[in-house]
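**Q**
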Amino acid sequence: MKKILVTGGAGFIGSHVVRLFVNKYPDYQIYNLDKLTYAGNLENLRDVDQKPNYNFIKGDIIDGDFIINLFKKEQFDGVIHLAAESHVDRSIANPMEFIMANIVGTVNLLNAAKHIWKDHFKDKLFYHVSTDEVYGSLGDTGFFYEDTPYDPHSPYSASKASSDHLVRAYHDTYGLPMLISNCSNNYGPNQFPEKLIPLFINNIRHNKPLPVYGKGENVRDWLYVEDHAVAIDIIFHKGPVGETFNIGGHNEWKNIDLIKVLCRVMDEKLGRAKGESEKLITYVTDRAGHDLRYAIDSSKLQKQLGWEPSLQFEEGIEKTVDWYIENQAWLDNVTSGNYQKYYEEMYLNR
Ligand code: NAD
Ligand code: TYD
Numbered sequence: 011m012k013k014i015l016v017t018g019g020a021g022f023i024g025s026h027v028v029r030l031f032v033n034k035y036p037d038y039q040i041y042n043l044d045k046l047t048y049a050g051n052l053e054n055l056r057d058v059d060q061k062p063n064y065n066f067i068k069g070d071i072i073d074g075d076f077i078i079n080l081f082k083k084e085q086f087d088g089v090i091h092l093a094a095e096s097h098v099d100r101s102i103a104n105p106m107e108f109i110m111a112n113i114v115g116t117v118n119l120l121n122a123a124k125h126i127w128k129d130h131f132k133d134k135l136f137y138h139v140s141t142d143e144v145y146g147s148l149g150d151t152g153f154f155y156e157d158t159p160y161d162p163h164s165p166y167s168a169s170k171a172s173s174d175h176l177v178r179a180y181h182d183t184y185g186l187p188m189l190i191s192n193c194s195n196n197y198g199p200n201q202f203p204e205k206l207i208p209l210f211i212n213n214i215r216h217n218k219p220l221p222v223y224g225k226g227e228n229v230r231d232w233l234y235v236e237d238h239a240v241a242i243d244i245i246f247h248k249g250p251v252g253e254t255f256n257i258g259g260h261n262e263w264k265n266i267d268l269i270k271v272l273c274r275v276m277d278e279k280l281g282r283a284k285g286e287s288e289k290l291i292t293y294v295t296d297r298a299g300h301d302l303r304y305a306i307d308s309s310k311l312q313k314q315l316g317w318e319p320s321l322q323f324e325e326g327i328e329k330t331v332d333w334y335i336e337n338q339a340w341l342d343n344v345t346s347g348n349y350q351k352y353y354e355e356m357y358l359n360r
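233 is the number that our numbering gives to position 223 of the sequence shown; each next residue is one higher, with no gaps.
#1: Taking the runs of the beta strand (DSSP E) that are 3 residues or longer, which of them lie wholly in the region 222-275?
#2: Any heavy atom of the ligand MG closer than 7 Å to the beta-carbon of histidine 97?
#3: Lysine 68: which of Arg56, Asn256, Thr47, Gln85 sits nearest, CA to CA?
#4: So what does methionine 106 bridge to, in DSSP terms?
#5: Tell me which residue opens and which closes the alpha helix (DSSP H) that leucine 341 is part of.
#6: Quick one: what's got a C-beta closer than 7 Å to glutamate 253's C-beta in the same chain, skipping five residues either side?
#7: Tell me the DSSP bridge mates of lysine 292?
#8: Hey, is asparagine 192 close to the ligand TYD, as in C-beta under 7 Å from one of its heavy atoms?
#9: Taking all protein chains shown into account, decide if threonine 295 is buried (16 or more other Cβ within 10 angstroms of its Cβ) or exposed.
#10: Kindly identify the DSSP beta-bridge partner or partners of tyrosine 64.
#11: Would you kindly check if the distance between the Cβ of phenylalanine 131 and the Cβ of glycine 185 is under 8 Å?
#12: Cβ of valine 331 within 8 Å of Cβ of isoleucine 269?
#13: Under 7 Å: does the beta carbon of glycine 24 sit that close to some heavy atom of the ligand NAD?
#14: Identify whether threonine 141 lies in helix, strand or coil by the three-state DSSP scheme.
#15: Is any heavy atom of the ligand NAD found at a distance shorter than 7 Å from the C-beta of alanine 141?
#16: From Tyr166, Leu272, His181, Asn196, pick the residue whose C-alpha is nearest to that of isoleucine 214; which is it?
#17: Kindly indicate which three-state DSSP category asparagine 359 falls into: helix, strand or coil?
#18: Can you tell which of Trp232, Thr151, Ile102 has its C-alpha closest to the C-alpha of aspartate 142?
#19: In terms of alpha-carbon separation, which member of Lys83, His163, Ile40, Pro162 lies closest to tryptophan 127?
#20: Is any heavy atom in the ligand NAD found nearer than 7 Å to the beta carbon of leucine 43?
#21: Spatial neighbours of glutamate 288 within its chain, please: C-beta separation below 6 Å, excluding the five flanking residues on both sides.
#22: Would you call the region 241-257 and the region 190-209 in contact, with 3 or more CB pairs under 8 Å?
#23: Do you know whose CA, among Leu15, Gln338, Pro219, Asn359, lies nearest phenylalanine 136's CA?
#24: Exposed or buried, glutamine 85, counting other C-beta atoms within 10 Å across all chains shown (16 or more means buried)?
#25: Could you name the residues of the same chain whose beta carbon sits closer than 6 Å to that of glycine 226, not counting the 5 residues immediately before and after it, in chain order?
#26: Once you ignore the five residues that flank serine 308 on each side, which residues in its own chain have a CB closer than 7 Å to its CB?
#27: Would you check if the region 163-177 and the region 319-330 touch, i.e. whether three or more CB-CB distances between them fall below 8 Å?
#28: For glutamine 350, does the count of other Cβ atoms within 10 angstroms reach 16, so buried, or fall short, so exposed?
#29: Using DSSP bridges, identify the partner residues of histidine 91.
#30: Roughly how many angstroms separate the alpha carbons of glycine 24 and arginine 303, rounded to a whole number?
#31: For asparagine 118, report the span of its alpha helix (DSSP H) as first-last.
#32: Hey, out of Tyr145, Gly146, Ile242, whose CA is closest to isoleucine 90's CA?
#33: According to DSSP, simplified to helix, strand and coil, what is lysine 329?
#34: Tell me which residue opens and which closes the alpha helix (DSSP H) that lysine 96 is part of.
#35: Which residues does DSSP list as the beta-bridge partners of tyrosine 192?
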């Protein structure tokens with residue numbers, strides 16, 4: 011029997027990873043460790059939380075003593091590390107939270123794994139989930155490859171880059187068995203409505219302005235979240251130790267073009283007149299240090315481990331919009347509380 015620790019399992023991507031593992035591997039015990047920040051929501055896992063192989067632990071990866079005691083007690087076989095502060099705009103407003111969660115938190119997990127696993131590294135694995143944003147920003151052409159030099163620009167991407175370096179350092183220095191994947195922008199159910207797609211779905215629903223940063227010309231490569239979870243499963247089980255894999259959808263969209271697709275789909279789903287939601291588009295002050303373009307080359311993962319994205323973007327966007335419309339209670343729930351304050355601070359004077 012395998013005991014797998016998933017950190018950040020109550021968040022957006024983590025909840026899809028936990029669901030996949032709990033359902034697909036009934037002989038594994040899955041431990042979801044999450045602090046339940048504003049982004050963590052146990053509602054995301056209601057459909058699996060009664061399964062006998064699912065365990066929830068509320069805890070903070072910044073607390074080193076807590077982490078080492080947890081590793082001592084549970085003797086995990088593997089770690090899939092997703093817990094992080096994940097929103098670029100918040101990192102610009104408050105970098106220290108990102109340094110603590112993303113760097114110190116990762117080092118606490120690495121130290122615990124190194125200490126508890128030290129005499130039996132074989133058959134253990136520390137899988138670190140990271141982002142393509144560590145590679146910086148591309149011009150109009152080219153792609154990020156696994157050996158593209160790191161060049162992060164936001165406090166978020168710099169903290170993730172730092173955590174990636176530390177994971178590699180623990181492998182090179184202590185022999186800790188590890189894997190890293192760097193993925194492009196995810197979208198799909200359960201994403202907190204501070205990120206572009208769920209924020210705009212929620213605003214369209216409420217007829218609120220759609221705040222497009224700058225001229226809307228920045229480009230992102232979008233991947234449906236369940237395809238990311240499948241990639242993580244494949245890499246975790248088949249990836250050669252010490253390797254890095256890029257994960258991406260080969261699905262680049264200029265923000266403004268994506269927003270127009272979203273507006274069209276929302277008009278159809280809400281029975282609004284064609285072009286109605288587009289009227290909400292409002293150009294606002296650009297994000298500081300806004301990376302122009304991300305584009306991932308994931309051919310290593312496709313060639314070596316046989317993964318490829320399963321969904322076309324139009325299909326994925328439709329599924330996503332359907333989910334948010336059918337789960338308005340989820341949206342209303344996560345946008346109550348501190349959300350209003352966050353929104354005003356982020357957008358009032360833009
Ligand atoms: P998210 O913000 O939705 O979820 C993060 C989760 O981590 C939340 O459940 C939160 O409660 C938990 N968490 C935060 N700080 C914690 C702490 N100190 N201790 C314990 N738990 C803590 O993030 P996400 O979008 O699901 O991203 C998950 C991971 O994937 C992150 O590491 C992120 O860098 C990476 N990633 C995200 C994307 C994307 O498009 N969202 C793309 C590539 C990589
Ligand atoms: P986001 O979802 O925050 O992801 P990331 O910054 O990690 O790529 O943003 C995606 C793109 O959308 C990015 O270029 C910034 C832009 N954006 C807006 O134009 N307006 C918004 O309100 C948000 C949140 C993002």
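Where is the CB? At the ideal position from N, CA and C, for every residue including glycine. Predicted model only: the values in this text are computed from it and were never measured.
**A** This is what the structure holds:
#1: 229-234, 254-257, 262-264
#2: Ligands displayed in this structure: the ligand NAD and the ligand TYD; the ligand MG is not among them.
#3: Thr47
#4: Methionine 106 pairs with nothing; no bridge assigned.
#5: 338-344
#6: Leu189
#7: Per the sequence shown, residue 292 should be read as threonine rather than lysine. According to DSSP, which records beta bridges pairwise, threonine 292 is partnered with Pro221.
#8: no
#9: exposed
#10: Ile40
#11: yes
#12: no
#13: yes
#14: strand
#15: In the sequence as displayed, the identity of residue 141 is threonine instead of alanine. Within the cutoff, so yes.
#16: Leu272
#17: coil
#18: Trp232
#19: Lys83
#20: yes
#21: Cys273
#22: yes
#23: Leu15
#24: exposed
#25: Asn265, Ile266
#26: Asn256, Ile257, Gly258
#27: no
#28: exposed
#29: Thr17, His138
#30: 25 Å
#31: 115-127
#32: Ile242
#33: helix
#34: Just to set this straight, residue 96 is serine in the shown sequence, not lysine. That residue, serine 96, is in no alpha helix (DSSP H); it is neither H nor E in DSSP.
#35: Tyrosine is not the amino acid found at residue 192; the sequence shown has asparagine there. Partner(s): Ser140, Asn256.
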